[in-house]
Amino acid sequence: MRLLQSLAVTGFLTLFAAFQANAAIVENFRSGGWSGSAFTDDQSGLFSTCVASASYRSGITLYVQVDTTYNWAIGFSSPSWTMEEGTDIPLQFRIDRGGWQQGVAKATSKTLARMQMPQGSYIITRFRRGRTLYVYDGANNYEFRLTGTSRLMARLAKCVDQNVARYGAAPGMGDVAAANPQGGLGQTKPAQSSSPAATAADPQLAVEATQALFNLMGSAGLSGLKLIPDGQRDDELNGLHAVAANDARTLVAHIFAPGSYQSEEELMSLVIADSQKKCADGSFSSGTKRITQDGKQLYTSYANCEAGDYDLKERVAFVPRSAGGIFIYGVADTYVGEGGGAPVSPAELTDPAFYAAAVGAAQ
Numbered sequence: 298m299r300l301l302q303s304l305a306v307t308g309f310l311t312l313f314a315a316f317q318a319n320a321a322i323v324e325n326f327r328s329g330g331w332s333g334s335a336f337t338d339d340q341s342g343l344f345s346t347c348v349a350s351a352s353y354r355s356g357i358t359l360y361v362q363v364d365t366t367y368n369w370a371i372g373f374s375s376p377s378w379t380m381e382e383g384t385d386i387p388l389q390f391r392i393d394r395g396g397w398q399q400g401v402a403k404a405t406s407k408t409l410a411r412m413q414m415p416q417g418s419y420i421i422t423r424f425r426r427g428r429t430l431y432v433y434d435g436a437n438n439y440e441f442r443l444t445g446t447s448r449l450m451a452r453l454a455k456c457v458d459q460n461v462a463r464y465g466a467a468p469g470m471g472d473v474a475a476a477n478p479q480g481g482l483g484q485t486k487p488a489q490s491s492s493p494a495a496t497a498a499d500p501q502l503a504v505e506a507t508q509a510l511f512n513l514m515g516s517a518g519l520s521g522l523k524l525i526p527d528g529q530r531d532d533e534l535n536g537l538h539a540v541a542a543n544d545a546r547t548l549v550a551h552i553f554a555p556g557s558y559q560s561e562e563e564l565m566s567l568v569i570a571d572s573q574k575k576c577a578d579g580s581f582s583s584g585t586k587r588i589t590q591d592g593k594q595l596y597t598s599y600a601n602c603e604a605g606d607y608d609l610k611e612r613v614a615f616v617p618r619s620a621g622g623i624f625i626y627g628v629a630d631t632y633v634g635e636g637g638g639a640p641v642s643p644a645e646l647t648d649p650a651f652y653a654a655a656v657g658a659a660q
């Protein structure tokens with residue numbers, strides 16, 4: 298089975314990465330329902346890309362590719378398609394209820410098309426936390442459930458990190474596009490970016506958010522929480538600027554700088570969708586509200602997930618940042634009754650206390 302998987306992915310890569318003449322598989326992995334592989338260039342021996350794929354009942358296979366510079370692309374294939382090789386295909390796509398985005402896919406064969414994805418944390422975050430990817434090609438609509446994409450993107454980033462360290466880095470998709478704008482990468486040169494899993498790459502923002510998180514804990518009188526470094530957290534928390542937690546409570550602080558998001562409404566929809574996605578087996582409820590706290594306008598939300606004797610309550614506050622953009626503060630409280638072993642219950646943190654601490658932390 299492993300050999301068949303390797304042969305299938307190798308055949309795909311030849312079509313998907315048209316800029317790479319020869320490829321050798323150096324790693325195979327699985328992430329949920331996704332099958333992935335890492336490749337080096339046969340001639341140089343340098344690591345070139347990681348690719349993962351998942352097949353859908355429609356007969357279409359969805360592919361995700363991340364290269365050495367963390368540029369990423371997605372691809373679609375179906376044995377029933379008959380596209381003209383080399384053709385550019387204008388597409389529109391969106392994730393959940395987000396705004397429609399424009400893209401261009403390149404038909405790398407009769408049955409496969411590949412589209413370079415925009416860089417920056419906004420689309421990557423939506424892809425990781427979204428529920429459904431919608432694609433429209435001008436005639437047909439396609440839907441892809443985004444099951445396990447949060448873990449997938451983290452696993453692809455790990456794949457890149459490990460194999461760059463082992464084999465060195467071949468030129469990324471952005472470098473190839475600069476040399477050959479028509480080299481199977483669509484009509485636009487992709488912007489350089491950081492790792493899709495590392496939205497906290499800016500150390501200044503991480504320091505600022507960490508200090509704000511300490512301020513929030515001090516103002517709210519919270520104790521017994523330990524700061525958790527990036528890479529030592531649950532996958533869904535990696536990339537956030539600051540996280541502190543204990544067995545019953547998790548606090549997060551993240552900064553969205555000006556220009557890194559489209560609107561607060563879009564960001565809040567991501568927060569709610571992420572909470573709902575984690576509550577697949579429970580009873581879910583949520584809501585949002587704009588309030589005024591100590592003269593500042595806050596955008597707040599709550600999300601509750603109840604499953605048996607397990608109860609997860611999440612609260613979020615968006616607070617304006619003096620330097621522009623917003624702070625996002627979140628608190629997730631876990632309650633487990635006797636049926637789950639020793640009872641777990643965090644110390645009380647009322648909504649007014651949380652909102653007041655969030656406003657004070659952002660000063």
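Residue numbers (the working numbering): 298 to 660. A virtual CB, placed ideally from N, CA and C, is assigned to each residue, including glycine.
Asked: Straight-line Cα distance separating N437 from V656; Found: 47 Å
Asked: Straight-line gap, Y632 to D544 (C-alpha atoms, nearest Å); Found: 10 Å
Asked: At least three beta-carbon pairs within less than 8 Å, the region 550–568 to the region 415–429; Found: yes
Asked: S491 to A370 span [Cα, whole Å]; Found: With a pLDDT of 33 at S491, under the threshold of 50, the modelled position of this residue cannot be trusted, and the question is left open.
Asked: Distance between beta carbons of I420 and M450, contact taken as under 8 Å; Found: Not confirmed; about 11 Å, so no contact.
Asked: N- and C-terminal bounds of the alpha helix (DSSP H) containing M514; Found: 500–517
Asked: Nearest-angstrom Cβ-Cβ length linking Q624 and A659, presumed shorter than 8 Å; Found: The question names Gln, but residue 624 in the sequence shown is Phe. So it is a contact: roughly 5 Å between Cβ atoms.
Asked: DSSP-derived helix/strand/coil call for R423; Found: helix
Asked: Under 8 Å between C-beta atoms of A410 and I392; Found: no
Asked: Outcome for R452 when other beta-carbon atoms lying within 10 angstroms are tallied against a minimum of 16; Found: buried
Asked: First through last residue of the alpha helix (DSSP H) which encompasses N368; Found: Careful: N368 lies outside any alpha helix (DSSP H) and carries neither H nor E.
Asked: C-alpha distance - E381 paired with T408, whole-angstrom precision; Found: 9 Å
Asked: K647, DSSP secondary structure in three states; Found: This sequence places Thr at residue 647; Lys is not what is there. Reduced to three states, the DSSP call for T647 is coil.
Asked: Alpha carbon of T485 to alpha carbon of M414, nearest angstrom; Found: Any reading at T485 must be qualified, since the residue scores a pLDDT of 27, below 50, and its modelled position is unreliable; no value is offered.
Asked: Cα-Cα separation between A650 and S447, rounded to whole angstroms; Found: 31 Å
Asked: Pair within 8 Å by beta-carbon distance, S745 and S583; Found: Residue coverage of the chain in this structure runs from 298 to 660, which leaves residue 745 outside it and unanswerable.
Asked: Bridge partners - D385, DSSP secondary structure assignment; Found: K403
Asked: Assigned secondary structure, S520 (DSSP; H/G/I helix, E/B strand, else coil); Found: coil
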